[in-house]
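Asker: Would you mind keeping the following structure in view while I ask a few things?
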Amino acid sequence: MKKNTHVIKSRSLLCWLVGMLLPLQLFAQQNLVQGIVKDATGEAVIGANVLVKNTTRGTITDFDGKFKLEAKEGEILEISFIGYKTIEIPATRQMNITLKDDTQLLDDVVIIGYGSVKKEDLSGSVVAIKAEEMNRGAVTSPQELIQGKIPGLHIQAGDGQPGAGATIRIRGGASLRATNDPLIVIDGIPISNDAAPGTPNALATINPNDIETFTVLKDASATAIYGSRASNGVIIITTKKGTNTGVKVSYTGTFTMKDPYKRIETLSANQFREVINNQYSDGSAAGDAALAIVNQYPDQSTDWQDAIYQTGLSTDQNISVSGKAGVLPFRVSLGYNNEKGTIKTSKYNRYTASVNLNPKFFDNHLAVDINVKGTINKTRYTDDNVANTAAFFDPTKPIYDEETGFNGYWNWVTGGLPSTLSAVNPLSMLYDKNNKGTTKRSLGNIQLNYKIHGLEDLNVNLNVGYDVSKATGSDFANLGSFQAAKDSDFKDLGQGKTWNNLRRNHLLDFYLNYEKELPTIKSRINVMGGYSWQHFYFSDFDYYTSNSTDGGLSVKEDTWEYIEDEHHYAKVNQQTKLKEKYLVSFFGRLNYHFMERYLLTATIRRDGSSNFTKDNRWGMFPSVAAAWTLLNESFMESTKEVLSNLKLRVGYGITGQQEFDDYYLHLTTYSLGNNPNGQYLGTYLLKPNKYNQDLKWEETATYNIGLDYGFLNNRISGSVEYYWKHTKDLLSSVSTAAGTNFSNIYTANIGEMKNKGLEFNVEATAIQSKNFTWKVGYNVTFNDSEITKLTASYNPDYPGLGAGSANYGSNATTIQKHQVGELPSTFWLYQQVYDANGKPIQNAFVDRNNDGVITEADRYFTGKNPMAKTFMGFSSQLIYKNWDLGFNLRASLGNYVYNALEADNCTTDSFGNQGIISNYYKGIYRTGFTKSSRTEQRASDLFLENASFLKMDNITLGYSFDKLFSQKISGRISASVQNVFTITNYSGLDPECSAIDQNTYPRPRIFTLGLNLNF
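Quick note: the sequence shown uses the numbering used here, first residue 682, plus one each step.
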């Protein structure tokens, strides 16, 4: 009976469970949505994301494009996949969904010179980078946003100084001594590359957070519309604008710690004493003097590099408000950047503000774009040589010594007087010098674009802009300092330089643009023509003053004058430079598109520059390019399942160059004379300046062929390009024969150069699933240059032009030269001799001309220069749900650096019996040099090193959120590391340095926390 009761109870429970689960099952079936996702051709879309909007419920389509998902009828589904437009659609029980191709890639509007075009209509070599594609991390200057991102674009970061600039080259540059910097255009204003003193480069005063896009124009068919200033490529920067949506507030803040983790490898105090004791224990008077110096403080050990470095703490704060106020779209932003350098006393502050208004009137026929940007840069500089001085200052000496009387810092003293030949205590170099500067800059324009009523195909565009900067600063030695004590004019008081500089750039552009669809002949035509006027004005005024405010001070009255209003003594008009330049241009462009397959672009620009005489003033710069969209041909129809883009481009064009320092070289000019004591005599004595009336345009002709490709709806896309450039009438500074001019050096057109290269890049979404996406990008550039002609009529036997020197004390040694058949700036050195064991023999070099003596005639061109022959970038971004992890790698191959630090400090015989002694580079163990070095030893190929490297520039981990405290707050938090690691065989501090590694401010490793909020 009990058993039956148990069975009955079990069956009752089972029935109850079934009764409970059956409605749930029926409920699940009622909420089960299923369907299939196809493309416009009817092919299944595999791996498409299907998500219930504003929930975490989602799935992906299978190999047949099918999906099943729990959702209520009427709930909104989001369906997305790379290469297709994302759609939102109400859920139904059975769904048949068709995704449309995302033609945005082709429909994207790309900013080019004097207008914009659809990406599919490009025929030149143009790359556009949007804000979301740029580098992340502690970005101070705009160029850091695109470093390593674009083939053919080489950006060498500045050193570790706060706010440091960078060297930017597009396809290797095209000049010798004229500028190789690309033209920078900011919101339609071509700015001057001559950044004001106190500004590291022309981009330093732009807040990176304000930038919307970078567009890089590389070949002449794209750049020739800028004619006279485009031979080194063009970078167009477009800043963020107002929107037609509601008001949006964005905040971005970063907090940064900079670790000065690297040191120049020199000897410790004990190692230094050991070397000196071994070198100078010969019993001679000089040897005993050297031993006495290093044993003056027998227990002292000072790491001077540790003494000058600190952990640099920085912050960057930005806030912007954008939206629409009534009928007025607007964007306003404020930014503050504060950087403390890793060398004590160095710091940089930047304050930025920008306003953009972009309303439209008359039924959207008149578009007005108003941009105003303002920046204040404040910099506290350190001595350029302080890092090297700290590395090689005697480590057996203390930092402080009150008995010396030089503001408490120990320094080299002979007979109670400061040694005039010695280096200064590194801490005194920092704290006893007050070198600071302030730069104020404003950049703005108003651009009007009017679509003619009744003739809407015709647009009239007027752009009026300005770029004005003013810089002031001073550099003084403090009273009572070691530096002041060595001053011969104002002993113990010190003197310094005050400077005041003004840069003005005014612009007026006017052009007409006519665009017309011609469906009857399957054509589209775009014609543009215009006029440009630009005026540059430069004023540099430097004068030297004392720290004294004592009017009774005895001075050299023939040299110095007391300035009452400034309360100090000054050399009057010590250095004054006034320059101005005008550029006037007429330009035009034709774009013709036929049958959505064939594109022809032709441009012409005629430029006039005030840098040349009337006979040579005008230059003509034409270009032509053609593109063929092969994918749209009927014979390619069967490939469209795989191919999504295939376009062949060819182009040719000529660009010009007139950027050089001697603005009035073609004119007969005079300057104020001076007497032997340096006092200016005003109009009493005028002296003629150098001149060259034969100056003319430097011109670069460029050929380009490129192939754009895309696969799987551009899930994989990129391009491959080959270019060849030929520059003639190279502008360079050259020596003049005695008696032929009023200076021994002047600027002339002297030769020709060729430059060729190959570029390749690929962007790919390697993985895309419901919760995980992996995107990668890779680019590589091969570049080679050669000087093909030097018309050195000034001295036919002169072996090339000097291009770079190392400074050893008061002597400069030429290390690099330009020469026919060689790379620009090729290293020009003596060939080191080695012993049977492979050790270098000091002061022994190959006698290449077999005349029995070593002279400069025995130097040779090494075939190596500082520019990499191959450089590449690799980026990766992994996204898992709300998390993202990205990094950027950059490699440089075939670049060489001359290690002048080692060349100058690699022998143990360095005591000149002058009462001072310096530390040694650890290279003494490699060289074994124990003798005094000859001048030739400092120009030996022993110190030329391959500086190829692989760097991880940054790695960033971030988390994005949609809701914080309320529905209206979204944002992202992140942590990043920059300068993560460097793999190189270069023995110096950093392979990414100047061609001659001599003065350095080490790059730190940077740790950053970031927060972005959107309201």
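By construction, the Cβ of each residue, glycine as well, lies at the ideal position given by its N, Cα and C atoms.
1. With a CB to CB cut of under 6 Å and the five nearest residues on each side skipped, what residues in its chain are close to residue 756?
2. Have a look at 902, 1560 and 745 and flag the residue whose alpha-carbon is nearest the alpha-carbon of residue 723.
3. With distances taken Cα to Cα, identify the nearest neighbour of residue 872 among 1264, 1066, 922 and 992.
4. Under 8 Å: do the region 1316-1334 and the region 897-907 share three or more Cβ pairs, one atom per stretch?
5. Starting from residue 1509, trace the beta strand (DSSP E) in both directions and tell me its first and last residue.
6. What did DSSP end up calling residue 824 once you bin it into helix, strand or coil?
7. In chain order, which continuous runs of the beta strand (DSSP E) of length 3 or greater are located wholly inside the region 1020-1049?
8. Strictly by DSSP, which residues pair up with residue 1002?
9. Taking buried to mean at least 16 other C-beta atoms within 10 Å of its own C-beta, is residue 735 buried or exposed?
10. Buried or exposed, going by whether 16 or more other CB atoms sit within 10 Å of the CB of residue 1474?
11. If the criterion is Cβ atoms closer than 8 Å, does the pair residue 1266 and residue 1287 meet it?
12. Which of the three DSSP states is assigned to residue 1672 in this structure?
13. Counting along the chain, where does the beta strand (DSSP E) carrying residue 1303 start and finish?
14. Residue 957: which of 964, 975, 1438 and 945 sits nearest, CA to CA?
15. Tell me the DSSP bridge mates of residue 751?
16. Once you ignore the five residues that flank residue 1676 on each side, which residues in its own chain have a CB closer than 7 Å to its CB?
17. For chain C, find out if any of its Cβ atoms is closer than 8 Å to the Cβ of residue 1658; answer yes or no.
18. If we require 3 or more residues per run, which beta strand (DSSP E) segments fall completely within the region 1550-1578?
19. Three or more C-beta pairs closer than 8 Å, one from the region 1581-1591 and one from the region 1537-1554: is that the case here?
20. Ordered along the chain, which non-local residues of its own chain (more than five positions away) have a Cβ less than 6 Å from that of residue 1545?
21. Looking at residue 891 and residue 937, is the spacing between their C-beta atoms short of 8 Å?
22. In whole angstroms, give me the CA-to-CA distance for residue 1038 and residue 1002.
23. Grab the span of the alpha helix (DSSP H) containing residue 985 for me, first residue to last.
24. If we call anything under 8 Å between Cβ atoms a contact, is residue 1529 one with residue 1584?
25. Given this structure, state the Cα-to-Cα distance separating residue 1687 from residue 1659, to the nearest angstrom.
26. So residue 1635 and residue 1651 are in contact, right, with Cβ under 8 Å, and what is the actual spacing, rounded?
27. Cα-Cα, which of 1692, 1596 and 1600 is closest to residue 967?
28. Could you pull the DSSP bridge partners for residue 1328 from this structure?
29. Contact between the region 1175-1191 and the region 1212-1226: three or more CB pairs below 8 Å?
30. Just to confirm the assignment, what range does the alpha helix (DSSP H) spanning residue 1110 have?
31. Hey, residue 906 and residue 795 are a contact pair by Cβ (cut 8 Å); roughly how many whole angstroms apart?
32. Could you tell me which residues DSSP puts in a beta bridge with residue 1280?
33. Take the Cβ of residue 770 as the centre, count every other Cβ of all protein chains shown within 10 Å, and call the residue buried at 16 or more, exposed below.
34. Between which two residues does the alpha helix (DSSP H) holding residue 1605 run?
35. Starting from residue 1067, follow the beta strand (DSSP E) in both directions and report where the run begins and ends.
36. Taking just the CA atoms, how far does residue 1598 sit from residue 1536?
Answerer: The structure says:
1. The sequence position of residue 756 within the sequence shown is 75, counting from 1. Listed in chain order, the non-local C-beta contacts of residue 756 below 6 Å within the same chain comprise 733 and 772, local neighbours out to five positions each way being set aside.
2. As a working note, residue 723 is residue 42 in the sequence shown. The candidate whose alpha carbon is nearest that of residue 723 is 745.
3. Translated into the one-based positions of the sequence shown, residue 872 becomes position 191. For residue 872, the nearest C-alpha among the options comes from 1264.
4. yes
5. Taking the sequence shown and counting its residues from 1, the one referred to as residue 1509 is at position 828. 1507-1510 is the extent of the beta strand (DSSP E) around residue 1509.
6. Residue mapping note: residue 824 aligns to position 143 of the sequence shown, counting from 1. Reduced to three states, the DSSP call for residue 824 is helix.
7. Those beta strand (DSSP E) runs which fall completely within the region 1020-1049 and span 3+ residues are 1028-1038.
8. Position 321 of the sequence shown, counted from the first residue, corresponds to residue 1002. Paired residues: 930 and 1013.
9. Reading the sequence shown from its first residue, position 54 is the one you call residue 735. With fewer than 16 Cβ atoms within 10 Å of its Cβ, residue 735 is classed as exposed.
10. Position 793 of the sequence shown, counted from the first residue, corresponds to residue 1474. Below a pLDDT of 50, predicted positions are generally treated as unreliable, and residue 1474, at 47, falls in that range; the measurement from the model is reported next regardless. With fewer than 16 other CB atoms across the displayed protein chains lying within 10 angstroms of its CB, residue 1474 is exposed.
11. In the sequence shown, counting from the first residue as 1, residue 1266 sits at position 585. In the sequence shown, counting from the first residue as 1, residue 1287 sits at position 606. Closer than 8 Å, so yes.
12. Here residue 1672 refers to the residue found at position 991 when the sequence shown is read from its first residue. Reduced to three states, the DSSP call for residue 1672 is coil.
13. Walking along the sequence shown from the start, residue 1303 turns up at place 622. Residue 1303 -> beta strand (DSSP E) spans 1299-1310.
14. As a first step, residue 957 must be located in the sequence shown, where it is residue number 276. Here the closest residue by C-alpha is 975.
15. Here residue 751 refers to the residue found at position 70 of the sequence shown. According to DSSP, which records beta bridges pairwise, residue 751 is partnered with 713.
16. Counting from one through the sequence shown, the residue named residue 1676 turns up at place 995. Closer than 7 Å at the Cβ level, and outside the excluded window around residue 1676, lie 1485, 1497, 1506, 1547, 1578 and 1579.
17. In the structure shown, chain C does not exist; there is a single protein chain.
18. 1551-1561 and 1564-1574
19. Counting C-beta pairs closer than 8 Å gives fewer than three between the region 1581-1591 and the region 1537-1554, which falls short of the contact rule.
20. As a working note, residue 1545 is residue 864 in the sequence shown. Once the five neighbours on either side are set aside, the close Cβ partners of residue 1545 are 1508 and 1577.
21. In the sequence shown, residue 937 corresponds to position 256, counting from 1. In the sequence shown, residue 891 corresponds to position 210, counting from 1. No, they are not a contact pair.
22. If you number the sequence shown from 1, residue 1038 lands on position 357. If you number the sequence shown from 1, residue 1002 lands on position 321. So the alpha carbons of these two residues sit roughly 12 Å apart.
23. Sequence index remark: in the sequence shown, residue 985 carries index 304 (1-based). Looking at the DSSP string, the run of the alpha helix (DSSP H) that includes residue 985 is 985-989.
24. The residue labelled residue 1529 in the question sits at position 848 within the sequence shown. The residue labelled residue 1584 in the question sits at position 903 within the sequence shown. No, they are not a contact pair.
25. Here residue 1687 refers to the residue found at position 1006 of the sequence shown. Here residue 1659 refers to the residue found at position 978 of the sequence shown. The straight-line gap from Cα to Cα measures roughly 5 Å.
26. Numbered from 1 along the sequence shown, position 954 holds the residue referred to as residue 1635. Numbered from 1 along the sequence shown, position 970 holds the residue referred to as residue 1651. About 24 Å separates the Cβ atoms of residue 1635 and residue 1651, ruling out a contact at the 8 Å cut-off.
27. For the purposes of this step, residue 967 is identified with residue 286 of the sequence shown, where counting begins at 1. Out of 1692, 1596 and 1600, 1596 has the C-alpha closest to the C-alpha of residue 967.
28. What you label residue 1328 is simply residue 647 of the sequence shown in a count that begins at 1. Paired residue(s): 1310 and 1389.
29. yes
30. By 1-based counting over the sequence shown, the position of residue 1110 is 429. Start and end: 1107-1112.
31. To locate residue 906, count along the sequence shown from 1; it is residue 225. To locate residue 795, count along the sequence shown from 1; it is residue 114. Going by Cβ atoms, the distance from residue 906 to residue 795 rounds to 6 Å, so yes, they are a contact pair.
32. Start at 1 with the first residue of the sequence shown, and residue 1280 comes out as number 599. When DSSP reads this structure, residue 1280 sits in a beta bridge with 1274 and 1308.
33. Counting from one through the sequence shown, the residue named residue 770 turns up at place 89. Counting Cβ neighbours within 10 Å, residue 770 comes out exposed, since fewer than 16 surround it.
34. As a working note, residue 1605 is residue 924 in the sequence shown. Looking at the DSSP string, the run of the alpha helix (DSSP H) that includes residue 1605 is 1605-1608.
35. One-based indexing of the sequence shown puts residue 1067 at position 386. Careful: residue 1067 lies outside any beta strand (DSSP E), inside the alpha helix (DSSP H) at 1067-1073.
36. Translated into the one-based positions of the sequence shown, residue 1536 becomes position 855. Translated into the one-based positions of the sequence shown, residue 1598 becomes position 917. Those two C-alpha atoms are separated by around 29 Å.
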